[in-house]
Amino acid sequence: MSTARRLQSGGLIDRSRRIRFKFNGKDYSGHPGDTLAAALLAQGVRRFGRSFKYHRPRGVVGAGAEEPNALVQVGEGALSTPNLRATQVELYEGLTARTVNGWPSLAFDVGAINNRLSRLLPAGFYYKTFMWPRSAWMRYEHHIRRAAGLGHAPSLPDTDHYDKRHAHCDVFIAGGGPAGLIAALGAARSGARVLLVDEQTQLGGTLLFAPVAIGGRTGLDWVSELEAELRSFPEVTILNRSTVTGYYDHNFLVVNERRTDHIGPGQASSKTTRERLWRIRAKQVVIATGAIERPLVFDGNDAPGVMLASAVSTYIRRFAVAPGRSGVVFTNNDSGYQAALDMVSAGMEVRAVVDIRENPGASVLAAVSACEIPVYRECVVSSVQSGFQGLKRIELAKLSPGGEDILSHKGLINCQVLAISGGWSPAVHLHSQSGGRPRYDSAKACFVPGSSVQAECSVGACGGSFTLAACLREGADAGISAAVQSGWPGGYVDVPAVKEFAQAPIQPLWEVPAGALSGNGVKKFLDFQNDTTAADIKLAAREGYRSIEHVKRYTALGFGTDQGKLGNINGLAILAKALGKSPDEVGTTTFRPNYTPVTFGTVAGRTLGEQLFDPVRKTAIHAWHVRRGASFENVGQWKRPWFYPRDGEDMHAAVNRECLAARNGVGVLDASTLGKIDIRGPDAARFLNLLYTNNWDNLQPGRCRYGFMLGEDGMIMDDGVTTCLAPGHYLMTTTTGGAATVLTWMERWLQTEWPELKVYLTSVTDQWSVMSVAGPYARTVLKAAGCDLDLDGDAFPFMSMQAGQVAGISARVSRISFSGELAFEISVDANQGLALWEAIMVAGRDYDITPYGTESMHVLRAEKGYVIVGQDTDGSVTPVDLGMDWIVSKKKDFIGRRSLSRSDTGRPNRKQLVGLKTEDPSRVLPEGAQLVNSRQEAQPVPMIGHVSSSYSSANLGRSIALALVKGGLSRMGGTIYAHLMDGSVVPATICEPVFFDPENQRTKS
Amino acid sequence: MNMAQPESRTSAHLREAQMLRIECPWCGERDQEEFQYGGEAHIVRPESPDTLTDEQWADYLFNRANTKGIHAEQWCHAAGCRRWFNVLRDTVSYAILTVYRPGEQPPGNIE
Ligand SMILES: [Zn+2]
């Protein structure tokens, strides 16, 4: 039975064309200009979903972004988008949509049983019922979420593209209604660069459905004229189908522009991105976002057929859809009467206007009386009766003078549509996001913008000015003044005349008393999407909730995709009354970005995947590693070879082979990723003395020294070897991940604390390729590679550097070792890096030279007890904790020194670095394993340490681990236990952290 | 100078959330994503740390004003000239009142 219908004439639709689409699997059609909601209403669809908690049937309430019920999933597969508002979805040929609420089907819904059990589902029912025990919540959650609906994320990767644009403007205008349009004109005529952003398909705002004349033209003609003039200015940009989703600091605004959703997937050229995220910096902002009509809160106000009065007018006048055959208006202000007149114009039978007030405005009264519509003053709709297809009739009742009670039952009125208006809430979202604090205006019964914190102003309805004349006047003034404040001379706009009648004041009634027919199951809905009722708010107040922010979270008021655009003000007013406060005292919840939901694609833009999300850094030798079949690991932004498996080898086998080669033959490691900082200046040594814990005064040119850098809190921050290249010239190496941080750290001290030091820093990380040739044959291989230096022990001692030629390439050769082997580190111009690497591989062929990766590097250094900053230290470890007191100078100040003698850093029982040998040598402890004192202890068991590094060592034929253990340095030889996730307990013996060659014979050989 | 440990690299998603406009004294006004925050300004490293009590050292090391209102703080133009400078910023409105170079004192007329 179709109760609604398309009108023969009128509306902003193109009747000459028909668009076919599917909704819940059924075929429908509409016209260009329609939204999905309008086309479905025109074909008699009244139910758009089931509600979240009680699974009551729900219809369309609004006509725009505020719509809480008609949520749809649009499109299929990879291009599917969940939770779109059918009131904002434009039709295109072949569109498919389905309701997101109502599993297993819209008509038969198991969740509806919740409606009958509703006494068991009060406010906070999740917390009360399901959160304890936790395991029960895990079990219920799946079913609740499924029954509750909301859309599904696409299961395939999004094939659309998204972009970001950055823009600067003088005057940014949010909203293309009458106030925003004339503001844009004022700013444009003043010469300003203007960005006008409007959410809808076409400009006009309320003029798209309001029957008004402006300066002798229809509202729409006036819009067309203005738009044509605006588009003639080269510095004016107009964004349609674009939502200002956020207003941030320093007049930074984010706009979501939807470019192709209205033409459907696959229709746009391949170069057109689906959406754009605009990042805009504005000198001045004019907010002209209008107001959102409030529902009235009465029993059964959620029945399909109960709609906002402005939505009824919109469907009739903009979309030429009569939403039913008969209608009633229920209002507390003059604006609701327009819906009665519009319903009459659509040929609907309007059976009553129910007005809470004693004295409606004379002009609106006269207008509806002329149509012979009865007006019931000081009356309310106290309940409704509805069936499978929605609203059937309303109960009319006389209100007591204070509005607290029903005086008398006045009968039932049959109607399919109830147009409700509880007044208007200015869309203060952007003002609030900008830092403003909305204040309550009791005469207008709404929150209006407070003082501006940033360079913004609100004009028209979003500023609480609800007449068209005020919108135009304020808009023109604001546009010109914003241009002037951004440095332009100012222009002139003739504010056109409009004919408006005086309005009688609104009379707020935040909650309508229940009627005689209501019975036990009274439900007056505030938040349709979350099924939050007036009773829920009052229950929260009785249970002790006072803050609107807490009540919101307890009752889920305003949690949905609509973010409480309809219900929040009613909810806070009801809370205020329950607490005996004014709405101003209760205040609003925080209006956070985004204004409407934004797709993840838009947020991500092109910052996707491994290449674009974060830069990837590769060494000059990378291609060789790839050819060799290396597995890579990420270290900071770098790709480093992790290990080089040969045919059939797993990681363990490859690492064992690489480690044995480095100890018994020769290995080579690409060490190019280490951070390298060139330090120059007469005060360079003085600066190094301040940065590092050890002494740098006596380091001669050609010599290298290892150092720890501490934070001022005394904790290890970075480490590395620094070489003196010449007097006043050093090359510092840092950890791979710490390079940028260390450079910034050093610059900061130089610039802010010690500007008198003459020291200059340059990052040279990318300029050098570095490879470490390590193992007993390292010297032999270097000689075979044509190194022109005398590499023998006395001529080239450990921890020294010489410049020379290797394979005909100019190189710095350093005798330093992180493996504990005889090792030479060769640094060459990065452009020569691959050539040198290949020359070394050729020279080492006879010795089976083995490239090794970071995993083997880790094993080799752990065998020697060398720490890795960030793995064996975690920001709470001092050099003393590592047993390395020798590196801490007693003779000079350095960053962090004073902290080493603080009571906590000096106490004996700190976590200290030790080695661990498991009793079962084949057992490798997991890194991160917690260590305790005994096999079995009463809970809670004191944790006395953790494993920081742990490996299987092929060279030692057993597992080894490094650990940080409380008082560990004094517990050598003791036993400690690791309790593992699988329940097993692994005993281990505490030992010195140096497992291999404790005398350092090899590095010096 | 503000010590303990320097901030780590800012990840991509955090860069999106930065929206101040900051005037580098050397390069001019740029978006916040070019800058790195450095905490409270005008904290001078003690000349002779050894002469300080633990409490005095901890005061230098850890205690900050946590100002509500106008706050003198350090910023670095990390993705520009790499230089550090000082900013007076209102921690309530996030308005930046002025910028000045290291070693300089804030202008006295700022309310
Ligand atoms: Zn700069």
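As you go down the protein sequences, you meet chains A and B in turn.
Each residue of the first sequence is one higher than the one before, starting from 2 at the first, in the working numbering.
Each residue of the second sequence is one higher than the one before, starting from 18 at the first, in the working numbering.
Ideal Cβ positions, reconstructed from N, Cα and C, are used throughout, including at glycine.
Counting every other CB atom within 10 Å of its CB across the protein chains shown gives Ala-82 (chain B) a total below 16, marking it as exposed. Looking at A:Ala-64, A:Val-915, A:Ala-796, the one whose alpha-carbon comes closest to that of Thr-990 (chain A) is A:Val-915.
In the three-state reduction of the DSSP assignment, Met-349 (chain A) falls in the coil class. Counting only residues of its own chain and dropping the five nearest sequence neighbours on each side, Ser-801 (chain A) has a CB closer than 8 Å to the CB of Gly-703, Arg-704, Cys-705, Ser-815, Arg-816. Between ligand 1 and the CB of Trp-43 (chain B), the shortest heavy atom gap is smaller than 7 Å. Residue nearest to Thr-694 (chain A) within the set A:Leu-469, A:Pro-880, A:Arg-813, A:Gly-834 is A:Pro-880 (criterion: CA-CA distance).
In the DSSP assignment, Val-915 (chain A) falls within the unbroken beta strand (DSSP E) covering 912-919. The nearest non-hydrogen atom of ligand 1 is less than 7 Å from the C-beta of Arg-100 (chain B). Put simply, of A:Leu-182, A:His-263, A:Phe-253, A:Met-772 the residue whose alpha carbon is nearest the alpha carbon of Arg-232 (chain A) is A:Leu-182. Straight through space, the alpha carbons of Val-109 (chain B) and Ala-347 (chain A) are spaced by roughly 53 Å. With at least 16 other beta carbons inside 10 angstroms of its own, His-32 (chain A) counts as buried. Taking all protein chains in view, the Cβ of Val-298 (chain A) is crowded by 16 or more other Cβ atoms within 10 Å, so the residue is classified as buried. Within the same chain, Asp-679 come within 6 Å of Thr-763 (chain A) by CB-CB distance, once the 5 residues on both sides are set aside.
Contact holds between the segment 523-534 of chain A and the segment 46-66 of chain A, because three or more Cβ pairs, one in each stretch, are under 8 Å apart. When DSSP states are grouped into helix, strand and coil, Pro-584 (chain A) belongs to the helix group. Rounded to whole angstroms, the separation of the alpha carbons of Asp-71 (chain B) and Arg-903 (chain A) is 6 Å. No Cβ-Cβ contact shorter than 8 Å links Ala-863 (chain A) with Ala-840 (chain A). In terms of Cα proximity to Asp-563 (chain A), the closest of A:Lys-582, A:Ala-484, A:Arg-474, A:Asn-595 is A:Asn-595. Three or more beta-carbon pairs drawn from the segment 662-680 of chain A and the segment 615-625 of chain A are found closer than 8 Å, and the two stretches are therefore classed as touching. Per DSSP, the unbroken beta strand (DSSP E) holding Lys-677 (chain A) starts and ends at 676-681.
Per DSSP, reduced to three states, the secondary structure at Gly-480 (chain A) is helical.
For Tyr-163 (chain A), the closest of A:Thr-600, A:Tyr-952, A:Leu-783 by C-alpha to C-alpha distance is A:Thr-600.
The residue from A:Gly-708, A:Pro-994, A:Pro-642 with its alpha-carbon nearest to that of Val-966 (chain A) is A:Pro-994.
When DSSP states are grouped into helix, strand and coil, Cys-472 (chain A) belongs to the helix group.
A residue is called buried once 16 or more other Cβ atoms fall within 10 Å of its Cβ, and Asp-262 (chain A) is buried on that count.
Annotation: the segment 620-675 of chain A contains the following complete segments of the beta strand (DSSP E) (minimum length 3 residues), in chain order: 632-636, 639-644, 668-671. Contact between the segment 313-331 of chain A and the segment 451-462 of chain A is absent, with fewer than three C-beta pairs closer than 8 Å. Within the same chain, and ignoring the five residues on either side of Gln-638 (chain A) in sequence, the residues whose Cβ sits closer than 8 Å to its Cβ are Asp-615, Pro-616, Val-617, Arg-618.
Annotation for Tyr-316 (chain A): the continuous alpha helix (DSSP H) segment containing it runs 310-318. Gly-55 (chain B) has its Cβ no nearer than 7 Å to any heavy atom of ligand 1. Per DSSP, the unbroken beta strand (DSSP E) holding Gly-412 (chain A) starts and ends at 407-415.
In this structure Ser-820 (chain A) does not touch Ala-786 (chain A) by the C-beta definition: roughly 19 Å separates them, more than the 8 Å allowed. Apart from sequence neighbours up to five positions away, the residues of its chain that approach Val-870 (chain A) with a beta-carbon distance below 8 Å are Ile-717, Met-718, Asp-719, Asp-720, Thr-736, Gly-739, ordered along the chain.
Around Phe-560 (chain A), the same chain offers Asn-531 as residues with beta carbons nearer than 7 Å, after the five sequence neighbours per side are excluded. 8 Å or more divides the Cβ of Ser-953 (chain A) from the Cβ of Ala-663 (chain A). A residue is called buried once 16 or more other Cβ atoms fall within 10 Å of its Cβ, and Phe-389 (chain A), having fewer, is exposed.
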